[in-house]
Amino acid sequence: MKTILIILDGISENKINLLNNKSPLEYAFTPTLDLIKSQGFHCKTKFHHSKKSANSLNCISKIIGLKGKNIPKHRSYLESLAYDIPVNDDEWVLRCNLISMKENKLHSFNSIGMTKNEKKCLSKTIHIPEGLKYYHLNDYKNLLIIKSKRNFNHLSGFYPHENIGENLTQYINKVHAIDTLKDFMENNKKHINGIDYMYLPWGPSKPFDIPTFHSLHNKSAFSVSHTELVKGLFKKMNIKSVQLNNSTGDIDTDLVEKTNAVINNYDKYDVTITHINGTDEVSHRKNLTGKINFIKKIDKEVLKPIYQSIGKNVKIIILSDHQTSSLTGEHEPGFVDLICNKKNINKNNLFKE
Numbered sequence: 072m073k074t075i076l077i078i079l080d081g082i083s084e085n086k087i088n089l090l091n092n093k094s095p096l097e098y099a100f101t102p103t104l105d106l107i108k109s110q111g112f113h114c115k116t117k118f119h120h121s122k123k124s125a126n127s128l129n130c131i132s133k134i135i136g137l138k139g140k141n142i143p144k145h146r147s148y149l150e151s152l153a154y155d156i157p158v159n160d161d162e163w164v165l166r167c168n169l170i171s172m173k174e175n176k177l178h179s180f181n182s183i184g185m186t187k188n189e190k191k192c193l194s195k196t197i198h199i200p201e202g203l204k205y206y207h208l209n210d211y212k213n214l215l216i217i218k219s220k221r222n223f224n225h226l227s228g229f230y231p232h233e234n235i236g237e238n239l240t241q242y243i244n245k246v247h248a249i250d251t252l253k254d255f256m257e258n259n260k261k262h263i264n265g266i267d268y269m270y271l272p273w274g275p276s277k278p279f280d281i282p283t284f285h286s287l288h289n290k291s292a293f294s295v296s297h298t299e300l301v302k303g304l305f306k307k308m309n310i311k312s313v314q315l316n317n318s319t320g321d322i323d324t325d326l327v328e329k330t331n332a333v334i335n336n337y338d339k340y341d342v343t344i345t346h347i348n349g350t351d352e353v354s355h356r357k358n359l360t361g362k363i364n365f366i367k368k369i370d371k372e373v374l375k376p377i378y379q380s381i382g383k384n385v386k387i388i389i390l391s392d393h394q395t396s397s398l399t400g401e402h403e404p405g406f407v408d409l410i411c412n413k414k415n416i417n418k419n420n421l422f423k424e
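Offset between the sequence shown (1-based) and this note's numbering: plus 71.
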C-alpha cells in the first residue's frame, strides 16, 4: 500500500487554559482530521532523541529513518543544497539570520517589523568582506560560505529560535573571534523604525553524506516541500521533489498547489512526503489565533481533498515533528501527535508494512 506522509511542522503543543484546556490542534475546527482519527489511529509520541534538541532537523531525520551518526548536526549545508549553492570540502557554510536586538538581548530571530520585500532589498546593499560569500535565501534566512582551515564548531549548539529574550553577548563574542565574520556583522548593523537589526551567523556545517531513502526502506519516494532544510535533506537522500511556484514556507503559502502535487504524483511512488511549515512559523510569532486559523485551513485545503479523493487506497500519516509553543514562541520537548487513517502503523518505522 502506498503511503502519504504529511508533516505539519510544530503543530502540536501543550494544552492552553485560554482554549478551555485544549491544544490548538484540538481546539480548531478539523472535521476531516477528526474523521481520520475516528476511523484509524491516534497517539502521542516523540521523534527527537533524548540527548538531541527538539528541532526540525533532528526530528524529521528520525521520522524518515536516519539514526545515530547519520543524523546531520546542522542545517546549513542542507539549505545550500536546496538552492543548488556549491560548497567545497575546504569551505564552511553557516546559516545567517537577520535578527532584531534590544539591549544586547535577542528580540526576534526573524527580524520582526520588516516585510519580506524590505529584507530582500536590504540584502542587496550589505557589505561583504573579502573571503566571504553571501547568499540571500528568503525572508530572514541567509547563508554565508567561508574557506578556512579553522574549525568553526565552537559556534555549534546555538539556535536563535531557542534563545529569544536571551543576552547574546557571549555568543556574539565567539563569532567575532573570526575576523571575517566580525567585519560582516559590525558593518551591516541597521537601525530601522526604532529597531536595531543585525546579521547573526550560526550552525556551521561542512559537506557530508547520508544514506538514501531507498537504501533505508527499499522504497521510492517523492517530496512536496519548500522549506530549505527539508528540501535539502530530501535532496541529499535522493528523494525526488516537485517544483512549487507559490510556496512560501509560512501561512501565506499556496496549500492547494501542494495538495494537487500530492494527488497528481502519489501513484508513481511508494511514499509521498509533504511538509507544511506555516504552523511552526506562526507559533514562533506567538500568534495563537493565526495558528488555529491555519490549522482549519490545512484541514479544508489539504486533508479533505486528499482523504476524499485517494484516502481509501493509501495509508495517510499525519504528524508533528516537534512541539512549537504559540505562547512562548519556542520549540518544546513534549509529546506530539501521530495520526493515521489505518490502524496498522509501526511507530518505530512509519514506512514498514
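The C-beta atom is built at its ideal place from N, Cα and C for all residues, glycine as well.
Predicted, not measured: the structure shown is a model, and the values here were computed from it.
* Asked: Straight-line CA distance for Lys375 to Lys190?
  -> For the purposes of this step, residue 375 is identified with residue 304 of the sequence shown, where counting begins at 1. For the purposes of this step, residue 190 is identified with residue 119 of the sequence shown, where counting begins at 1. Distance between the alpha carbons of Lys375 and Lys190 is about 35 angstroms.
* Closest by C-alpha distance to Asn258, when choosing among Phe406, Ile197 and Asn309 -> Reading the sequence shown from its first residue, position 187 is the one you call residue 258. The option with the nearest alpha carbon to Asn258 is Ile197.
* Could you have a look at His156 and say whether DSSP puts it in helix, strand or coil? => On the sequence shown, position 85 is the one that residue 156 refers to. First, the residue type needs correcting, since residue 156 is Ile and not His in the sequence shown. DSSP, reduced to helix, strand and coil, places Ile156 outside both helices and strands of the structure shown, so it counts as coil.
* Asked: In terms of residues, what are the limits of the beta strand (DSSP E) holding Tyr230?
  -> Residue 230 sits at position 159 when you count from the first residue of the sequence shown. Taken as a continuous stretch (DSSP letters only), Tyr230 belongs to no beta strand (DSSP E), as it is neither H nor E.
* With a threshold of 16 other CB atoms inside 10 Å of the CB of Val327, please say whether the residue is buried or exposed. => Counting from 1 along the sequence shown, the entry for residue 327 is found at position 256. Within 10 angstroms of the beta-carbon of Val327 lie fewer than 16 other beta-carbons, which makes it exposed.
* **Close-in-space but distant-in-sequence residues of the same chain around Ile363 (CB under 7 angstroms, 5 per side omitted)** => In the sequence shown, counting from the first residue as 1, residue 363 sits at position 292. Within the same chain, Ile363 has close Cβ partners Pro95, Tyr98 and Ala99.
* Are the Cβ atoms of Ile387 and Ile75 separated by less than 7 angstroms? -> Along the sequence shown, read from residue 1 onward, the residue named residue 387 stands at position 316. Along the sequence shown, read from residue 1 onward, the residue named residue 75 stands at position 4. Cβ distance < 7 angstroms, so Ile387 and Ile75 count as in contact.
* Quick one: grab the DSSP three-state call for Pro95. => Residue 95 sits at position 24 when you count from the first residue of the sequence shown. DSSP places Pro95 in helix when its eight states are reduced to three.
* Asked: First and last residue of the beta strand (DSSP E) that includes Pro272?
  -> Within the sequence shown, the letter at position 201 stands for residue 272. For Pro272, the enclosing beta strand (DSSP E) stretches over residues Ile266 to Ser276.
* To do: Quick one: measure Cβ to Cβ for Asn336 and Phe293, integer angstroms, because I've assumed they're closer than 8 angstroms.
  => Here the question's residue 336 lines up with position 265 in the sequence shown. Here the question's residue 293 lines up with position 222 in the sequence shown. With 8 angstroms as the limit, Asn336 and Phe293 qualify as a contact, their Cβ atoms being about 5 angstroms apart.
* Asked: Expressed to the nearest angstrom, what Euclidean distance is found between the alpha-carbon atoms of Asp161 and Ser276?
  -> The count along the sequence shown starts at 1 and reaches residue 161 at position 90. The count along the sequence shown starts at 1 and reaches residue 276 at position 205. Spanning the two alpha carbons is a distance of roughly 11 angstroms.
* Are Tyr270 and Lys261 touching if we call contact CB-CB under 7 angstroms? -> Stepping through the sequence shown from its first residue, residue 270 is reached at position 199. Stepping through the sequence shown from its first residue, residue 261 is reached at position 190. Contact flag unset, no.
* Where does the unbroken beta strand (DSSP E) through Thr343 begin, and where does it stop? -> For the purposes of this step, residue 343 is taken as the residue at position 272 of the sequence shown. Thr343 -> beta strand (DSSP E) spans Val342 to Ile347.
* **Reference Leu252; option with closest CA among Phe305, Gly236 and Cys167** => Against the sequence shown, residue 252 aligns to sequence position 181. The shortest Cα separation from Leu252 among Phe305, Gly236 and Cys167 belongs to Cys167.
* Cα-Cα separation between Ser318 and His297, rounded to whole angstroms -> Here residue 318 refers to the residue found at position 247 of the sequence shown. Here residue 297 refers to the residue found at position 226 of the sequence shown. Separation of Ser318 and His297 (C-alpha to C-alpha, rounded to the nearest whole angstrom) is 6 angstroms.
* Where Ser219 and Asn159 are concerned, what is the direct C-alpha to C-alpha distance, given to the nearest angstrom? -> Counted from its first residue, the sequence shown places residue 219 at position 148. Counted from its first residue, the sequence shown places residue 159 at position 88. The straight-line gap from Cα to Cα measures roughly 11 angstroms.
* To do: Could you tell me which of Lys187, Gly265, Leu203 and His207 sits nearest to Lys195, measuring between CA atoms?
  => Counting from one through the sequence shown, the residue named residue 195 turns up at place 124. Between Lys195 and the set Lys187, Gly265, Leu203 and His207, the nearest pair of CA atoms involves His207.
* Which stretch, first to last residue, makes up the beta strand (DSSP E) that contains Met308? -> Locating residue 308 in the sequence shown gives position 237, where the first residue counts as 1. Here Met308 belongs to no beta strand (DSSP E), and DSSP marks it neither H nor E.
* **Residue closest to Arg221, alpha-carbon to alpha-carbon, out of Val164, Ile366, Asn264 and Lys93** => Position 150 of the sequence shown, counted from the first residue, corresponds to residue 221. The shortest Cα separation from Arg221 among Val164, Ile366, Asn264 and Lys93 belongs to Val164.
* Asked: By the 10 Å Cβ neighbour count, where 16 or more other Cβ atoms means buried, how is Pro231 classified, buried or exposed?
  -> Numbered from 1 along the sequence shown, position 160 holds the residue referred to as residue 231. Classification of Pro231: buried, given that the 10 Å Cβ count is 16 or more.
* Candidates Lys123, Leu152, Phe305 and Phe406: closest to Lys140 by CA position -> Your numbering for residue 140 matches position 69 in the sequence shown. Nearest C-alpha to Lys140: Lys123.
* Relative to the alpha-carbon of Cys192, which residue among Asp210, Ile266, Asn181 and Glu201 has its alpha-carbon at the smallest distance? -> Here residue 192 refers to the residue found at position 121 of the sequence shown. When only C-alpha atoms are compared, the closest one is Asp210.
* Asked: By a C-beta neighbour count over all protein chains shown, 10 Å radius and 16 as the cutoff for buried, is Cys114 buried or exposed?
  -> Looking up residue 114 in the sequence shown gives position 43. By the 10 Å Cβ count, Cys114 comes out exposed.
* Under a Cβ-count criterion, where at least 16 other Cβ atoms within 10 Å of its own Cβ denotes burial, should Thr186 be classed as buried or exposed? -> Mapped onto the sequence shown, residue 186 falls at position 115. A residue is called buried once 16 or more other Cβ atoms fall within 10 Å of its Cβ, and Thr186, having fewer, is exposed.
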